[in-house]
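Q:
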Amino acid sequence: MIYLMRHGHEDEGFIGGWSDTHLTQKGVNESVNAGNFIVNKGLVINKILSSNITRAKETARIINSKLNVPLEITKLLNEQDKGIINGIPLQMAEEYYSEFINTEDIYKRFPEGESLSDFYNRILYYYHDILKEDNTLLVTHSGVINMIYYILTNTKLGYNKKGFNVTHSSIHEYDPTLKKIKRIY
Numbered sequence: 000m001i002y003l004m005r006h007g008h009e010d011e012g013f014i015g016g017w018s019d020t021h022l023t024q025k026g027v028n029e030s031v032n033a034g035n036f037i038v039n040k041g042l043v044i045n046k047i048l049s050s051n052i053t054r055a056k057e058t059a060r061i062i063n064s065k066l067n068v069p070l071e072i073t074k075l076l077n078e079q080d081k082g083i084i085n086g087i088p089l090q091m092a093e094e095y096y097s098e099f100i101n102t103e104d105i106y107k108r109f110p111e112g113e114s115l116s117d118f119y120n121r122i123l124y125y126y127h128d129i130l131k132e133d134n135t136l137l138v139t140h141s142g143v144i145n146m147i148y149y150i151l152t153n154t155k156l157g158y159n160k161k162g163f164n165v166t167h168s169s170i171h172e173y174d175p176t177l178k179k180i181k182r183i184y
């Protein structure tokens with residue numbers, strides 16, 4: 000099995016993307032609880048791969064404090080690059096960049112960043128590398144996990160991701176034999 004985990008809560012007053020926001024205390028607590036779930040369920044994890052974005056690395060380190068397995072940081076698991084909007088206050092983004100924040104156009108590219116289609120294609124290109132090692136926990140972002148759901152379920156790409164149920168510190172189990180993914184925490 001391969002496990003995909005979204006990082007814990009960060010300061011949601013800012014645009015995430017490739018910004019280096021830190022976990023809040025709530026996010027730290029969520030990550031500790033997720034680590035306890037992994038240990039208590041006896042999930043076999045031999046390695047952790049983490050996005051190189053701060054909130055994911057912090058989550059991965061908290062989880063690894065319970066597992067003590069090799070931890071590798073990789074850009075392959077990075078969230079959608081929102082370009083010049085990365086890290087700016089959400090209110091400012093909505094005021095000055097609403098055409099990018101509130102779009103249904105999957106080809107509309109963030110200035111100096113990626114469109115949803117670019118992001119999907121980046122994840123699709125590395126898909127087999129990302130999901131190749133059994134007994135691995137991937138600590139990443141909602142966008143990456145959503146793109147993997149789109150790929151595995153052959154769902155048309157769009158901005159409506161509610162059905163995938165990717166929330167802070169959620170854990171999703173991918174069975175490479177069956178090519179099935181489901182949320183387990």
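So for the sequence shown, numbering that gives the first Met the number 0 puts the first residue at 0; every next one is plus one. Idealized CB from N, CA, C, for every residue including glycine. Nothing here was measured: the structure is a model prediction, and the numbers come from that model.
Pick out whichever of N35, E78 and V138 has its Cα sitting closest to the Cα of D117.
A: If we check each option's Cα against that of D117, E78 comes out closest.
Q: Could you check where the alpha helix (DSSP H) with L186 kicks off and where it finishes?
A: For residue 186 there is no data in the structure shown, the boundaries of the chain being 0 and 184.
Q: Would G3 and T139 be called neighbours here (beta carbons separated by less than 8 Å)?
A: Note that residue 3 corresponds to Leu in the displayed sequence, not to Gly. For L3 and T139, yes; Cβs fall inside 8 Å.
Q: If you draw a straight line from the C-alpha of D104 to the C-alpha of L136, how long is it?
A: Each residue's Cα considered, the two are about 32 Å apart.
Q: Return the bridge partner residues of K46 from the DSSP annotation.
A: T135.
Q: So for F13, helix, strand or coil by DSSP?
A: Looking at F13 - three-state DSSP - the assignment turns out to be strand.
Q: Assign Y119 to one of two classes, buried (16 or more other C-beta atoms within 10 Å of its C-beta) or exposed (fewer than that).
A: So Y119 counts as buried.
Q: G86 and T20: beta carbons closer than 8 Å?
A: Their beta carbons are under 8 Å apart, which means G86 touches T20 by this criterion.
Q: Within this structure, are the beta carbons of I129 and L76 separated by less than 8 Å?
A: Yes.
Q: I need the DSSP call for Y2, collapsed to helix, strand or coil.
A: Residue state, collapsed to three classes: strand.
Q: If you follow the alpha helix (DSSP H) that T176 is part of, which residue opens it and which one closes it?
A: No alpha helix (DSSP H) contains T176, which DSSP labels as neither H nor E.
Q: DSSP state of R121, grouped into three classes?
A: Three-state DSSP puts R121 in a helix.
Q: Locate the alpha helix (DSSP H) running through I37, then write down its first and last residues.
A: Element bounds for I37: Q24 to K40.
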